[in-house]
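The UniProt record's numbering numbers the first residue of the sequence shown as 1 and each following residue consecutively. Glycine included, C-beta positions come from ideal geometry on N, C-alpha and C. Inspection log for the structure reproduced underneath, given as structure tokens.
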Amino acid sequence: MHVLKLTCISVKEERNILIFDLDGGTFDVSVLKVKDKVFEVKATTGNTHLGGEDFDYRMVNYLVQEFKKKNKMDISRNSKPLRRLKIACERAKRTLSFAFDATIELDALYQGIDFYSSISRAKFEELNMELFKECMEIVNHCLYDANIEVSDIHDVVLVGGSSRIHKMQQLLQEFFRGKHLCKSINPDEAVAYGAGVQAALLSEDIKVALELVLMDVIPLSHGIGLVGDRMNVVIPRNSTIPARRTRGYTTKQNLRYIQNVLRHQFADQKYSLKSS
């Protein structure tokens, strides 16, 4: 997916590119090494439960408390006003990407009571600072997995609607020591565009396709569950795909069956089977 902006790059020298993909429901970071038309993913990580909706819910909870303080009513368990508040908070979040404050106006929010409030960019950042810092920790972790220093990153590409958040961009620039962030692509269309490019590369029916070589990795480790709720990793995450590894396993039930068969077979010989 993260081939996106790279399709319009023709790079002769080697460059390291970090893709910062903060969408509505998920967050992903990838580090790629690019040279000529070969794109090698060095590492990818993220959080499938972190995204723009989490920022919205922080604002919703804040406004629910404000409504309760003003009107002595708790709407935290009423789905209809909460849904309207969430939609209003999402609009406010978009406004705060380019403005310093946003107004929230909802007529007859609950039991005919109108709700009017405003939220500043500073308050929005305060409510979500914990989540912003978590995003930056994931960026740092991805660089560690890729074995690349901050100074070795040439380009930082922003993808996903929530990457427009002012504080998020500010923290990224500080982390990468003032590096200019790449905003030349539409963050809402980038992943879909990249998926289309990758589909064209994999399809045999498309005659005219971009001449690219994409060396991707698996984002999560693959393995098998063992006794005691443990996992034995067969293919570790960030392994280049396609990958194939083989390991032999024996189930606990089969071992018991074999032991019983051997005990009966060698009972007359007084054979003692020791289990490993």
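| Asked | Found |
| --- | --- |
| Starting from L158 and walking both ways along the beta strand (DSSP E), at which residues does that stretch end? | 155 to 159 |
| Distance, Cα to Cα, G52 vs P219? | 21 Å |
| How about F176 and V157: are their beta carbons less than 8 Å apart? | no |
| Between the Cα of M231 and the Cα atoms of G178, H222, M136, which residue gives the shortest distance? | H222 |
| D205 to G228, Cα distance in whole Å? | 48 Å |
| Since T45 is in the alpha helix (DSSP H), which residue starts that stretch and which ends it? | It is not in any alpha helix (DSSP H) - T45 instead sits in the beta strand (DSSP E) that spans 38 to 47. |
| Starting from the C-beta of S163, find all residues in its chain whose C-beta is less than 7 Å away, skip the five residues before and the five after it, and write them out in chain order. | F20, L22, P187 |
| Put D152 into one of helix, strand or coil per three-state DSSP. | helix |
| By the 10 Å Cβ neighbour count, where 16 or more other Cβ atoms means buried, how is I104 classified, buried or exposed? | buried |
| Below 7 Å CB to CB, which residues in the same chain sit around D145 once its five sequence neighbours on both sides are set aside? | A43, T45, N238 |
| Within the continuous alpha helix (DSSP H) that includes F175, where are the two ends? | 166 to 175 |
| If we ignore side chains and look at the alpha-carbon of each, how far apart do H264 and G248 end up? | 27 Å |
| In terms of residues, what are the limits of the alpha helix (DSSP H) holding S79? | 79 to 95 |
| Between F100 and R121, which are expected to be in contact by the criterion C-beta below 8 Å, what is the C-beta distance as a whole number of angstroms? | 5 Å |
| Pick helix, strand or coil for A243, following the three-state DSSP scheme. | coil |
| Note down the Cα distance separating R94 from E189, rounded to an integer number of angstroms. | 17 Å |
| Using DSSP bridges, identify the partner residues of F20. | V29, L158 |
| Under the assumption that I148 contacts V234 (Cβ atoms under 8 Å), give the Cβ distance between them as a whole number of angstroms. | I148 to V234, Cβ: 26 Å. No contact. |
| How would you label I165, buried or exposed, when you count the other beta carbons within 10 angstroms and need 16 or more for buried? | buried |
| Take V60 as the anchor and find which of K179, E134, P81 has the nearest alpha-carbon. | P81 |
| Since L171 and M136 are thought to touch, with beta carbons under 8 Å apart, how far apart are those beta carbons, to the nearest angstrom? | 6 Å |
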